[in-house]
Each structure stands twice: as structure tokens, then as C-alpha cells.
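A quick write-up on the structure given underneath.
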Amino acid sequence: MLTLDQLRERITLPNAAERMGLTKVSDNGEQQLWKRANAERPEISIGVKFNVWRDRDNQNGGSVIDLAMWVFDLDYPAANKKVHQLYFLPFLTLPEETEEATDDMAKLSYIAGKSLEDQERCRVYLKNERGIPDHIITEGIKQKTLGWTNYTNPNVAQGEPHWGGEAVSFITYQPNTKMLAAVDYRYYVPELNGGMKTKSLGQKNGVFWMLDPRALRQAKTVYVVEGPLDALSIEAAFSSDPTTCAVALRGTQVQVNWQLFLGKTVICCYDKDEPKPDKRNPTGPDRCYSAEAEWRIHEGCLAAGVPCFFVDRSEWEYGQDANDVYKDSQSKEPFKKREPWLIPGLAGNSEDKPHKPRLWLPTHDYQQYWKYRVKDDFTSMAKMSRDDDGQEKLEFVDVAGFRVAGLSRVEIASASATTTGEHDDSPHVQFVAMYQTARHDEALQRRVMNDEQLHNLDTWRKSGPIYNPRAFSRMLNIFERTIGIGSVQAANFVGLCYLAGKPKVNEGKDCFFTEPAQQSPYHNFAFPRGMRGHAGQVVEAYQETFKDNAAARALVWIVGAQLKLYLGFWPHFIMQAGKASGKSTLLKRLSRTTGMKILSGQSIGTEYRLMTSVSGTSHPVGWEELSAKKADVIARAVSLLQESYNYTETTRGSAQTPFLIAAPVLLAGEDVPVESLTGKTVRTDLSNRKGPMLNENLPKFPMYEWMEWLAKLGRKTVQENYEIAQQKCRAYNRAQDNDKGADRMVDNYSALMTAWRLLTAFTGIEDVNGDFERDLIAEMNSHISDTTNDRDPWIWIVEIIMDEIAAGRYVYPYVFECEPHNDKEPRYLCVRVKHMMAHLSTSVALREKYNNMPVKTARVLKHQMEQAGVIHNDSVVRSINGTRSGHMQQLDVKKLEQYGISVTAPETLRAHREPML
């Protein structure tokens, strides 16, 4: 949405008055008088020089929005929207950052700054009371993550909650940045503060405290604890190991992005709290809230593909935390001992007080469960035996050369629900197994299985060796009880899609394909991330590298492809370029900037490979030099592109593997032979438009942030902006009013204009930047005029028949006729439309062309020709070669030539005559 100042710059009041339906009464060069259509005398005067207006009573006046309010009797917001619609301007209301949020951040920055003024004073408490070594405290002071405060609230009495007092400050930053997120206090004397030991200010979810925020980058093992004091204790215990660090979640209900921990092993070490009565169900079993927090962490890590283990706290006392244990032991050994059980958080034998378990196992399963033991990437089973003295001993038998980390149920949304957001009437249930192997280090692998594959050991052997099949099968039977742990709803689609009725950014890791490499070219793809401010820099660079926005159109098309979710379609893109025009270089840079895959000729050599290249995603793919392929490959490619213009669901193979044909395709080359696809494409031409090279240090476009922004906009907002862009494109469209093929092309370019306008709102640049819309409309009109003769199937068929007549291969009756007073120029062609289709379908040489034609019946062909106005007379009778031929159509040769169809007629022509009776 433009500001009032921008509207004043772009719109003159006389032009606005004309568009609003007012009538000019007089004009002396400086002042104009206008009136409404039903008024008898002038009602307003417009000052041309200062671009202001006043009514005759001098009670109303002002800007163009005030004029719209007066003319249409609207309030200010509605009048503002009306002005934008009259001039086809983008109207997008964006949420602005509230002053309250800005004030809170300023207050938090002030508090953090005061805490850092006298950091050294926290050393006494941390060293003497908490047993933290000096070098750990010094590191926290250096990294500005430790501070000190003695603030007291003058409005609260000492001993009351929120009074304050001396406290250690723990400063938390956003992950991998130095952007302030929160400040936490640990009070020296909680009694002076009304019994409050801690206080937290700022953001809670999504952030965590670390001694050194940069340590996470090189860490291989990350201990997750409840509070910063526990994290300091872990850092002290493992101070000699630079690959181990600790993070404090600052509570038990905190949610963070566990994707940040990919490639690392997470070890939970929360407090050993005593079970407490359930507040919601006092008569039920007691609950241990710290243990339940660890269960949630495990589920989050499992979903992110991060290995997660629990510290074995069976020997700890109730009420102890990591800091208490470290003070007593001054060693890392208590933290290195992990739970050995198959399911983290579910002990095989425990002497702890009974409380609500993570999972209820039937007796016959629990009797076998305790036998299983796991390491990071290995599974074994305990076996009781006797030694030579007859004493019982525990032996371990190998079960598998990998560890099953989890087995969960996944409900896959149907293609219809994924692409429309409607209620899902046919979801599909699958199972996903997460496992860890030695060859993949600290990364969980994922295998998606159908119900019948779940107990098929041959499927599991693809993950690693199984030494004891019987014990492994029994283990799987136990894991079936855990199906509900980590169960999720998912959509097998990479890009912006609907999940549970809401728009969501889906990446490769979020999908659960049974055949990943075949079902989507982006099955393991993560969209480029970056700073939102980089987006404008990228757009402006592409506007400069080729003149007339030739390269910028390609960039806008790629990033705008995610609008397909809201519009229901997205056109394909034709990039034409001569030799040495910079096409290959531009394609590589587009791939680097957006992550789009450019597929080689070998990757699209068969129909199956073509299908797999456009399946399961709305992120575009590129096909180079399609014209170099065989005719049958090109025909199959065009057929597939017709389907991927919208969404098409299909299945393949005996397993009925589902494929969702959806990806828009960039077709690049000197010649792109897709005439039948003209109405579903937009284009750009790079020839003679090369500009300066793109900077090698140009950042990637922040695709993920852009898609998240689109997800918040919603379908209604995008549709409204598309309608405004569509009105502008139609207003400047040069095609004839009855050209239906051109109307679809206008819709395609309107979608591209919508993407540009949303992109300018996202980046903060103006929509007039680089005259993108002007160049886009010029390209649209050029595309429409160049393809007037390529958009209708009847033209292709008649062209083939004219070539057959010229070559003397047309065997059915026909005759050319001239005007009565001009026997040199052919005027009409008498031919039967049914014979034209018969010739096309029965000729061996034309069989391949016939198979690829969208029109295969004479009835449809005749209907299209009648709509085009090329049939002068229907059902005429002529005598040809001594044979009476009836039910012929008399085609107007002049009109055929207007459609670009060349006619080869004999020198001797028959005179035109009235139809025979």
C-alpha cells in the first residue's frame, strides 16, 4: 500500500477526477472546475499547480483520497483502497512493529547494560556458593553472558515478591548471534525477595542460555539442562573437552528449534525432582515434571533427526540438580553415565518412587524390555547365565549393528488437502523409523515404511546388520507400543503447502516419501535462509545484470512460484537466448541464489525421469535445451508440462507409488519447441541485453523467510492483489477482445506482476523500481502478438493439411475457388473437415503428430474453426473429378492467411459459385 505522499507524486487530481467519473466544466490553465454527472453547475475546483481541490462551499477538499471520499461517499480506508484500485496500484496492508514491543526491547537492553557494568561482583557467589571454577566465570564475563545486579523495587517492601536484591544475571542471546533475547536473575537470598529464587525477563521460547554462544558451532555433544547454574557446572566438568558444551533452556516448558543441533548428540540432564500429585488429577499417579520435560526434548530431537540420550540419575538423591552433583564430585563422570534403555525415560528396572511412566507396557512386554541395552549405534540384549562357580552373571548378546531411536506413526495428508487446505477426507498412514549407525556419525537416519513393511526384516537390513533376527523382531513388537511418541501429521510436498488447513513452509526433512529420490527432486532440500535485508540487494542486482529486467523476470518467477498455493496455477517460463548471450551463466547464478535445480539432458531422457523431475514440489526446476531431444521425448515433456501448470495426482508401479505433478519448469535454449504450451507460459529474451556481471559475493535470496512471510499473508490477501494486477494487465493488453488464448496469457503475466508487488513489499523497495511492471507489460504484449498463430489447435491441424495439399499427399476431395472477377487469386477452399481429421489420423507419417494433438475429433475441430470465423459456408456441394462431394466446408483463404496459414493453390482456379442444391 502506497503512502499519501507517494500517491501525490504519482497521481494528478485532474486525471483522478476523470477516472472517478467527473466532468470538466472549464480550464484556465491554473484552475479547473469539475462536476458530477447529475449536477447542473460546477461543484469543485482543482488547483493544477499545487494539486489540491476545494468544493464550492469551501467545506471539503484536500488530496486525492479526500476526493474519493467526497465522490464515492466512503470513509478514509475504503477511499484509500478505491484510489489504489482505480490506478491498479498494489494494496497490501502490512503489520507494523508495535511501539510496545520496541519499548520492551529498549528496557531489556537497558537492564542488560546495567548488569554488565559490574560483572566481577558475581564471582564471589558463583565460586563460593556454587563451586564454579574461576576460569569458567572469567569466560562468562568475557562473553558478556554473566553479570550482576542489586536492583530493588522501591514500590515493594523487603521480603515481598519482586523486591529484588543481589543476584547473578544471565544474559541470553538469539542463537548464533549477539542479538539480546533475555535476562535471567538468580537471587543470592531468596527470602529477601519473597521466596523467589529466579526471575526471567524477555523472550522465553526459541532461545537458550550458553556460556559461550559460539561454542555450539564446533560442539559434538550438547548437554541440555534446566537452568544456567547447571550449564555452568557442565561447562566446568567438561572444560578440557572443546567438543562438549551445555545449554540451559531456562525452564521445563520451553520450546526451541532442535534443527540447530543437527550433527550433534544431545544429552538431557534435568533436575531429579521428586514426584508430585497431579494438579489436574489428584487421584491419579504422581507426576515428575522435570522428567516429562526431558520426554518433550527427546520427541523434538527425534523429529529433527538429532540423537538424544538421558543422563542416568538413578544414583542421585531427590532434589539434586547438575550443580549439586558437580559440587559433590568435582568430576565429569556422573554426567557421562547414560541410561542404557531402549526407550529413553523408561527404565527397565528402577528403585525410584513410582510416578506416571512415559509409557505403559503390558507385563509380557515389560518382562522382555529390561533385557535390551543400547549404545549410540548398537543394540544388544542381556542374557542370564552361570559362571564356573554356579553364580548368576549377566551376558550381552549382539542384536543389531545399529540403534533404533524411535518408531512413530505419520499421517500423510492427501494431495487435495495439501494444495487446497480443505478438510482431508483421505489421509494415508505410514510409519517412520529413526535409527543411528556408525557410518553416519551423529545424525539419525529415517526410513518410511508401509504397514506390511514394518516387520519385514529385509527392509530393516537396508539400515544395517541384524545379528539376532528373533530378538530384533521381539524388539520391534515392543516399539509398536511407542507409535504414539512423536506421531505427526505431514504433507509430502516441498514448498508452501497446507497442513491441517493452514499454510506451512515444508522442506525435504518435513516430508515422508517412501521413494524419496523418485517422488521429489527436492526430497532432501532445505530452502536458503538469510537476512530479509539481503532480498532487496539480490533483486536490484538481477535488475542490473540484464537490461529491460530480462533476468529479474526469471528471479521473480522463481521466488513467486510459491504463490501457486493461493492462485491454483503458475505458468512455466521460457528463457530464449542466442549464442553467447549469457544464458548458461545466468542459469547457474539463479540456481545459486534460489536453490533451483537445473537438470541436464540425461536427467530428462525418459518419460519417467521427466515425471520425477516435476513431482512433489512447487519449487521450480530447469530444463536445458529441450529442442535437442527426440520428438517423442519433447511430446511427452509438453504433455507433462500441461499437467504441472496446475496440480495433477498420479500413481506408478505395482506399489502404486503416489506422484503429485506440480513443479513449474524453466525452459531454456535458443529454440523452445512448445507451441502447444504457449497459453501456459511467460517468457524473457536475453539476446542483446547483457549487462554487468553479478557480484560473486552476492548473498542468497532468503527463500525460507520469504515463504514464511507468504504463509502469514494468506490466500485472501494474495487473491485481492492478483485481481488488481489482473485489471492492470487487461487494461494494457493489446489483444483483440475475443482472443480467449490471450486472456489466459494475461492471467499468467498478472500472476508474475503479483509476485513482483509482494516481493517489493517484502524487500521494502518501491514497486516502480527499475520499471519492472512497464517491461513486464511490454513483454506480455510482445508475447501475445508473436504467438497469435500458435495458440489454437485448429491452426496446427489446418497448417499440416495445407502442407499435405502442397506436397500432393492429400488424397481426399478438395477444390480451390476464386472470385468471379479475379481468377488469379484463390479466395475459397472447399474441403470436408471430417476428411482432414481422417487424413491426419490414418497417415503413417503424421501418426506421431496426431497422437500429440489435443483435438482428435472433426466435431471439435469444426467448432473451433467456426469460432475463428474461417468457415465461409457450411455444407456446400461440389463436383470434383467427376464425383459429387457433399457436406463440404468452404474455408475463407484470406482469413486463413490472417492467422499465418500459407496456402498453396494451383494456377488454374475454379470460379466461385453458389452452393449446389
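The sequence shown begins at 19 in the numbering used here and counts up by one. For each residue, glycine too, the CB sits at the ideal point set by N, CA and C. The structure displayed is predicted, hence computed values, not measured ones.
Beta-carbon proximity of residue i to residue j, cut-off 8 angstroms
i	j	result
Val174	Ser187	no
Trp71	Ile62	yes
Leu13	Ala655	Residue 13 lies beyond the stretch modelled for the chain, which goes from 19 to 935, so this question has no answer here.
Ser618	Ser631	no
Ile496	Tyr387	yes
Leu770	Leu794	yes
Ala508	Val428	yes
Tyr203	Pro231	no
Phe449	Leu425	yes
Phe399	Val417	Correcting the residue type first, residue 399 is Met in the shown sequence and not Phe. Contact: yes.
Gln454	Pro325	yes
Ala833	Arg928	One detail in the question is off: residue 833 reads as Val in this sequence, not Ala. Cβ distance < 8 angstroms, so Val833 and Arg928 count as in contact.
C-beta neighbour in chain B for residue i, strict 8 angstroms
i	result
Phe353	Absent from the structure is chain B; it holds one protein chain and no more.
The beta strand (DSSP E) enclosing residue i, as first and last residue numbers
i	result
His1	The question about residue 1 has no answer here: the residues shown for the chain are numbered 19 through 935.
Val274	Taken as a continuous stretch (DSSP letters only), Val274 belongs to no beta strand (DSSP E), as it is neither H nor E.
Asn393	Position check: residue 393 holds Lys in this sequence, whereas Asn was assumed. Looking at the DSSP string, the run of the beta strand (DSSP E) that includes Lys393 is 390-393.
Ile285	283-286
Tyr453	446-454
Ile484	Per DSSP, Ile484 belongs to no beta strand (DSSP E) and is neither H nor E.
Pro151	Where Pro151 is concerned, there is no enclosing beta strand (DSSP E), given that its DSSP letter is neither H nor E.
Gln507	506-508
Residue closest to residue i, alpha-carbon to alpha-carbon, out of the options
i	options	result
Gly39	Arg28, Asp23, Ala57	Ala57
Val736	Arg305, Leu585, Met467	Leu585
Val274	Ile592, Ile315, Ser308	Ile315
Tyr750	Gln463, Thr437, Pro352, Ser768	Ser768
Lys708	His857, Gln561, Tyr722	Gln561
Tyr390	Ala856, Leu360, Ala254	Leu360
Leu15	Val243, Asp259, Gly281	Shown here, the chain extends from 19 to 935; a query on residue 15 therefore has no answer.
Leu247	Ser538, Val343, Trp588, Leu234	Val343
Residues bridged to residue i [DSSP beta-bridge criterion]
i	result
Leu678	Glu667
Ala686	Met593, Glu642
Asp910	Tyr846
Asp45	Gln50
Val829	In DSSP, Val829 forms no bridge with anything.
Phe328	Cys286
Asn955	The question about residue 955 has no answer here: the residues shown for the chain are numbered 19 through 935.
Residue interval of the alpha helix (DSSP H) (run including residue i)
i	result
Lys867	865-869
Thr696	Per DSSP, Thr696 belongs to no alpha helix (DSSP H) and is neither H nor E.
Gly318	307-322
Ser657	649-662
Thr735	733-749
Leu234	233-236
Gln561	551-563
Ile815	811-824
Tyr626	625-631
Lys196	Lys196 -> no alpha helix (DSSP H), and no H or E assigned at all.
Tyr584	582-585
Val512	Segment: none, Val512 is in no alpha helix (DSSP H) and carries neither H nor E.
Thr261	Neither: Thr261 is in no alpha helix (DSSP H) and is coded neither H nor E.
Cβ-based burial, residue i [other Cβ within 10 Å; buried from 16]
i	result
Gly826	exposed
His839	exposed
Gln536	buried
Met854	buried
Thr14	Because the chain here runs from 19 to 935, residue 14 falls outside it and cannot be looked at.
Glu184	buried
Ala863	exposed
Glu118	Confidence at Glu118 is low in this model, with a pLDDT of 47, below 50, so the placement of that residue is unreliable and no value is reported for it.
Asp75	exposed
Glu115	In this prediction, Glu115 scores a pLDDT of 44, lower than 50, which makes its location untrustworthy; no coordinate-derived value is stated.
Leu935	Here Leu935 scores only 42 on pLDDT, less than 50, and its place in the model should not be relied on; the value that follows carries that caveat. Leu935 is exposed by the Cβ-count criterion.
Ile252	buried
His102	buried
Tyr94	exposed
Thr926	exposed
Pro303	exposed
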